[in-house]
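Novice:
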Amino acid sequence: MSILEIDDLKKMARRRVPKMFFDYADSGAWTEGTYRANEEDLRKIKLRQRVLVDMSDRSLESTMIGEKVAMPVALAPTGMTGMQHPDGEILAAQAAEAFGVPFTLSTMSICSIEDVAENTTKPFWFQLYVLKDRSFVYNLIDRAKAAKCSALVLTLDLQILGQRHKDLRNGLSAPPKFTPKHVWQVATRPRWAFGMLGTQRRTFRNIVGHAKGVGDLASLSSWTTEQFDTKLSWKDVEWIKERWGGKLILKGINDVEDAEMAARTGADAIVVSNHGGRQLDGAPSSISMVEPIVDAVGDRIEVHMDGGIRSGQDVLKALCLGAKGTYIGRPFLYGLGAMGKDGVTKALEIIRKEMDTTLALCGKRLITQASRDMLHR
Ligand SMILES: Cc1cc2nc3c(=O)[nH]c(=O)nc-3n(C[C@H](O)[C@H](O)[C@H](O)COP(=O)(O)O)c2cc1C
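Next up, the structure:
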């Protein structure tokens, strides 16, 4: 099968990853309306076709929070990536490193901060969820520092878990349960199953053995309900910033007023995001919030965006609207589920090629020249 677009990787991942984990990636909260809107609204934006301009010597190189990137597309933090493919976080981090884009490790990862650090050579970014157990959070921040992570991505939009029907229906857990349904799902994906037998990394290794009283984390949702801090406030950003002491990115802003608050914290960047439609169903798509947020705070803080990016054209549209960088979640997860590390590389290559050609057909040579006058409005 020739793999030409992200959707090809998605189809292959569906065949290779047990249903409960494939569905975990390909799902949004409740009606999945916001999940769909993220993609649909990007598709509605039209690019201006320009001709007879010099399109030689093109470059997609740019910077995100001052770091040089081969293209302004980072890998978003995604929980349980090591369940899409054995050792998934390590493989994705290696693919990102070789490609020259940032990799962000989730707090809810299967491979730990230390696992990824030991298997990569350049700094990666670490995403933090603030949990009630503050000594555990302090320790996580310190572990990310010790691993030389070059940015902390603080996620603000998950103080309470949005409900995804598919996960509840599938009885999602890591490692999978041993009910007949789950055994069947795993047995019908032998490549995945054998791979999993070959690794020790099958649970939440940032947490198990590090948080008090957590020896085993069978159910993500019950632990999340207990541990995620519903009282988290803007005040908390201060001590986190202070304790971390490095580059800070605030993720999960989807409103102009919140963007104003975020800009006042002195963080280095914000990510316009609705968690890939996994939290507030009914929220506007993230692409529709980029322009108003950039207009409100873009002169004070770097604005990134994620949600719904499935092609290089999508990245370009976000940049034209004023985002300095973007992130992909599902596209790299599908690549990983389909073909491991090579699949992540493939996802990045597809997006790079699409972006490069699209840039040329829009009459520009440098991605850093992306601007609103490249769009039909
Ligand atoms: C399977 C999955 C798990 C995720 N886990 C996390 C997480 O642990 N932390 C976080 O900040 N965001 C998480 N997200 C949200 C992503 O970081 C990102 O905002 C989203 O995937 C972007 O949308 P896209 O998948 O359409 O590219 C997750 C998303 C997916 C699809």
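In terms of the numbering used here, the sequence shown opens at residue 21 and continues consecutively. The beta carbon of each residue, even a glycine, is placed where N, CA and C say it ideally should be.
(1) Does the beta-carbon of Asn-159 have 16 or more other beta-carbons within 10 angstroms, so that it is buried, or is it exposed?
(2) Does the distance between the C-beta of Gln-179 and the nearest non-hydrogen atom of ligand 1 fall short of 7 Å?
(3) Just reading off the beta strand (DSSP E) that Glu-59 is part of, what are its end residues?
(4) At the level of alpha carbons, what is the spacing between Phe-119 and Leu-192?
(5) Should the region 92–99 be called in touch with the region 124–131, which here means at least 3 C-beta pairs below 8 Å?
(6) Going by beta-carbon coordinates alone, are Ser-132 and Arg-222 separated by less than 8 Å?
(7) Under 6 Å Cβ to Cβ from Met-345, same chain only, skipping five residues before and after it: list those, please.
(8) Taking all protein chains shown into account, do 16 or more other C-beta atoms lie within 10 angstroms of the C-beta of Ile-180, making it buried, or fewer, making it exposed?
(9) Kindly give me the distance between the Cβ atoms of Ile-321 and Val-291, rounded to whole angstroms, as I take these residues to be in contact under 8 Å.
(10) For ligand 1, I want to know if Pro-92 counts as a neighbour, meaning its beta carbon is within less than 7 Å of at least one of the ligand's heavy atoms.
(11) Could you pull the start and end residues of the beta strand (DSSP E) that Tyr-347 belongs to?
(12) What number of angstroms, rounded off, separates the C-alpha of Gly-102 from the C-alpha of Thr-219?
(13) Can you name, in chain order, every residue of its own chain whose Cβ lies under 8 Å from the Cβ of Thr-199, other than the five neighbours on each side?
(14) Which residues share a DSSP beta bridge with Ser-82?
(15) Could you pull the DSSP bridge partners for Asp-326 from this structure?
(16) So is the beta-carbon of His-105 under 7 Å away from any non-hydrogen atom of ligand 1?
(17) Please find out if some non-hydrogen atom of ligand 1 comes closer than 7 Å to the beta-carbon of Thr-98.
(18) For the alpha helix (DSSP H) containing Trp-50, list its first residue and its last residue.
(19) Does the beta-carbon distance from Arg-284 to Arg-184 come in below 8 Å?
(20) Between which two residues does the beta strand (DSSP E) containing Ile-273 stretch?
(21) With DSSP as the reference, identify every bridge partner of Phe-123, one or two as the case may be.
(22) Taking 6 Å as the limit between beta carbons, can you name the residues of its chain near Lys-261, skipping five residues before and five after?
(23) State the start and end residues of the unbroken beta strand (DSSP E) segment that holds Leu-174.
(24) Between the C-alpha atoms of Leu-368 and Leu-24, what's the straight-line distance to the nearest angstrom?
(25) Between which two residues does the beta strand (DSSP E) holding Ile-290 run?
(26) Restricting to runs no shorter than 3 residues, where is the beta strand (DSSP E) found entirely within the region 140–228?
(27) At what residues does the alpha helix (DSSP H) containing Val-310 begin and finish?
(28) Can you tell me where the alpha helix (DSSP H) holding Leu-336 begins and where it ends?
(29) Is the beta carbon of Asn-58 sitting closer than 8 Å to the one on Ser-305?
(30) Under a three-way DSSP split, which group does Leu-300 fall into?
(31) Helix, strand or coil for Leu-72? Go by DSSP, reduced to three states.
Specialist: Well, looking at it:
(1) exposed
(2) no
(3) Glu-59 -> not in any beta strand (DSSP E); alpha helix (DSSP H) instead, spanning 53–64.
(4) 32 Å
(5) yes
(6) no
(7) The residue asked about is misnamed: residue 345 is Gly in this sequence, not Met. Excluding residues within five positions, the ones whose Cβ falls inside 6 Å are Met-84, Pro-92, His-324.
(8) exposed
(9) Between Val-291 and Ile-321 the Cβ distance is about 11 Å, and since that is not below 8 Å, they are no contact.
(10) no
(11) 345–348
(12) 10 Å
(13) Gly-191
(14) Val-89
(15) Tyr-347
(16) no
(17) yes
(18) No alpha helix (DSSP H) contains Trp-50, which DSSP labels as neither H nor E.
(19) no
(20) 268–273
(21) Leu-95
(22) Leu-268
(23) 171–175
(24) 12 Å
(25) 289–292
(26) 145–148, 171–175
(27) 306–317
(28) 332–340
(29) yes
(30) coil
(31) coil
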